[in-house]
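Chains as they are written, first to last, in the working numbering: chain V, 10 to 302; chain H, 2 to 138.
Backbone N, C-alpha and C define an ideal beta-carbon position, used for all residues, glycine too.
Quick caveat: nothing in here was measured; it's all calculated off a predicted structure.
Here's the structure we're looking at; comments come further down.
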């Protein structure tokens with residue numbers, strides 16, 4: 010049986026753990042709010058960009074071939090996977106679920122005889138993937154958006170992607186990240202970024218759509234617009250991932266706080282019982298001592 | 002009273018402006034163009050420069066943007082910009098320093114790609130300074 014002092018120590022240590030986890034939960038909650046606001050703020054731009062792109066694409070599709078970013082290289086041999094995770098742990102299954110999905114995708118693609126390359130954002134994902142696929146990682150970024158995620162961060166990743174695409178280092182790029190569903194649930198999402206897939210709803214709206222004039226010509230604008238659109242996609246993925254991370258951390262810390270509370274209750278009961286047992290034992294000793302005299 | 006239309010300025014990080022305007026002058030990549038209500042649909046590239054928002058005959062707002070795209074329809078004008086600041090909020094000293102630094106960088110650039118990148122930045126910085134001097138007159 011543990012001594013009273015040991016029990017007391019355990020109770021104090023669990024109490025301070027609970028304090029830490031509940032503080033982390035509150036921090037995560039406020040960061041989550043900020044991340045959500047940011048994700049919300051990015052929406053109008055993405056929406057308008059999408060609208061512009063689809064009307065552009067509808068115009069371009071008719072004549073000749075579009076830019077390479079939209080039509081692809083015509084092959085899908087080399088696949089680049091952009092894996093977005095967090096820099097810090099203590100956020101439940103957030104990172105492991107992305108990594109698990111990444112692993113599955115890599116093995117599936119390799120099974121199909123394709124070459125896979127990896128680009129990781131976030132320290133946790135890199136560390137976990139490095140164990141099995143160290144040779145596949147071409148680039149990894151850390152501390153992306155540590156203070157506050159800005160568009161410049163997304164731009165940096167995008168530049169690298171475009172550079173590699175222009176150099177013909179891969180044919181298809183997809184982004185793997187946690188999509189924010191609600192504060193308690195995230196969904197691992199695999200999204201193809203290059204070549205860019207335009208939703209084919211041109212048919213029905215073709216007559217409603219105003220016929221745009223283009224300045225300079227549509228190909229030129231499309232060629233400028235597509236890289237920006239890629240940056241936006243990356244930016245949104247980063248934002249979603251950031252919001253999901255805080256959500257996951259909040260849930261994980263909430264659970265931890267609750268578990269610590271349960272543990273404290275259990276330990277306190279054991280502590281009291283032990284104390285009582287000691288008192289009873291001492292009483293018995295005194296009484297039997299007195300009787301013996 | 003002329004008809005009004007909706008003018009929106011959006012950056013990836015937020016919706017910067019959404020106002021009713023009578024006329025907006027946008028620095029298009031092939032020359033400035035003014036937009037009035039009922040303008041024919043147009044999509045255009047935008048070079049670094051100043052967007053001026055008119056109310057009546059007066060300019061009510063001058064916003065510097067570092068390039069982007071503009072979409073114009075009869076009832077709406079949307080500008081997608083990557084960087085946007087009000088002209089009144091630009092710091093003259095900073096802008097001039099940026100031009101000087103970037104001019105030096107351009108001279109030092111080793112590869113063609115690097116030079117092109119620096120020159121693109123330089124063009125933006127120069128446009129910023131120009132925007133300021135135009136505002137002063």
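Scanning 156(V), 182(V) and 66(V) for the CA closest to the CA of residue 126(V) turns up 182(V). If you check the CB distance, residue 25(H) and residue 34(H) do not come in under 7 Å.
Inclusion of residue 180(V) and residue 87(V) in the CB contact set at 7 Å is warranted, their separation being smaller than that value. Of all residues in the region 21-34 of chain H, only 29, 30, 31, 32 and 34 come within less than 9 Å of chain V when Cβ atoms are compared, listed by chain position. If you look at residue 190(V), you'll find it in the beta strand (DSSP E) that goes 181-191. Contact residues of the region 39-59 of chain V toward chain H are 50, 51, 53, 54, 57 and 58 (C-beta to C-beta distance below 7 Å). Below the 9 Å Cβ cutoff, chain V contributes 222, 223, 224, 225 and 230 as neighbours of residue 45(H), in chain order.
C-alpha of residue 130(V) to C-alpha of residue 257(V): approximately 18 Å in a straight line. At a cut-off of 7 Å, the C-beta of residue 16(H) has a neighbouring C-beta in chain V. Look at the region 65-131 of chain H and you find these whole runs of alpha helix (DSSP H), each 4 residues long or longer: 93-109.
Around residue 234(V), the beta-carbon contacts reaching into chain H at under 8 Å are 70. At a cut-off of 7 Å, the C-beta of residue 49(H) has no neighbouring C-beta in chain V.
Contact of residue 11(H) with chain V is assigned, a C-beta pair being separated by under 7 Å. Residue 7(H) and residue 111(H) have their C-alpha atoms some 46 Å from each other. Residue 203(V) sits buried, since 16 or more C-beta atoms from the chains shown fall within 10 Å of its C-beta. Counting every other CB atom within 10 Å of its CB across the protein chains shown gives residue 162(V) a total of 16 or more, marking it as buried. For residue 86(V), there is no enclosing beta strand (DSSP E), as DSSP gives it neither H nor E.
The alpha-carbon of residue 263(V) is positioned some 55 Å away from that of residue 39(H).
Of all alpha-carbon atoms in 300(V), 140(V) and 246(V), the one lying nearest the alpha-carbon of residue 158(V) is that of 246(V). At a cut-off of 7 Å between C-beta atoms, residue 79(H) counts as an interface residue with respect to chain V.
Judged by their CB atoms, residue 205(V) and residue 13(H) are not nearer to each other than the 7 Å cut-off.
The beta carbon of residue 89(V) sits closer than 6 Å to the beta carbons of 126, 179 and 182 from its chain, once the five residues preceding and following it are set aside; these are given in chain order.
Three or more beta-carbon pairs separated by less than 8 Å link the region 24-31 of chain V to the region 269-287 of chain V, which places the two stretches in contact. Proximity of chain V to residue 89(H) at the Cβ level (cut-off 8 Å) is not reached, the minimal Cβ distance being about 23 Å. By alpha-carbon distance to residue 31(H), the top candidate from 48(H), 11(H), 18(H) and 91(H) is 48(H). As the crow flies, the alpha-carbon of residue 63(H) is around 17 Å from that of residue 127(H).
The beta carbon of residue 61(V) sits closer than 7 Å to some beta carbon of chain H. DSSP places residue 202(V) in the strand class (E or B) of the three-state scheme. With 16 or more other Cβ atoms from the protein chains shown falling within 10 Å of its own Cβ, residue 173(V) counts as buried. Inclusion of residue 40(V) and residue 95(V) in the CB contact set at 7 Å is not warranted, their separation being larger than that value.
DSSP places residue 17(V) in the helix class (H, G or I) of the three-state scheme. The DSSP assignment places complete alpha helix (DSSP H) segments of no fewer than 4 residues inside the region 93-131 of chain V at 103-120, in order along the chain. A distance below 6 Å between beta-carbons, with the five flanking residues on each side excluded, links residue 9(H) to the following residues of its chain, in chain order: 19 and 79. With fewer than 16 other beta carbons inside 10 angstroms of its own, residue 13(V) counts as exposed. Here residue 278(V) is exposed, its C-beta having fewer than 16 other C-beta atoms within 10 Å.
Residue 21(H) counts as exposed, since fewer than 16 other beta carbons sit within 10 angstroms of its beta carbon.
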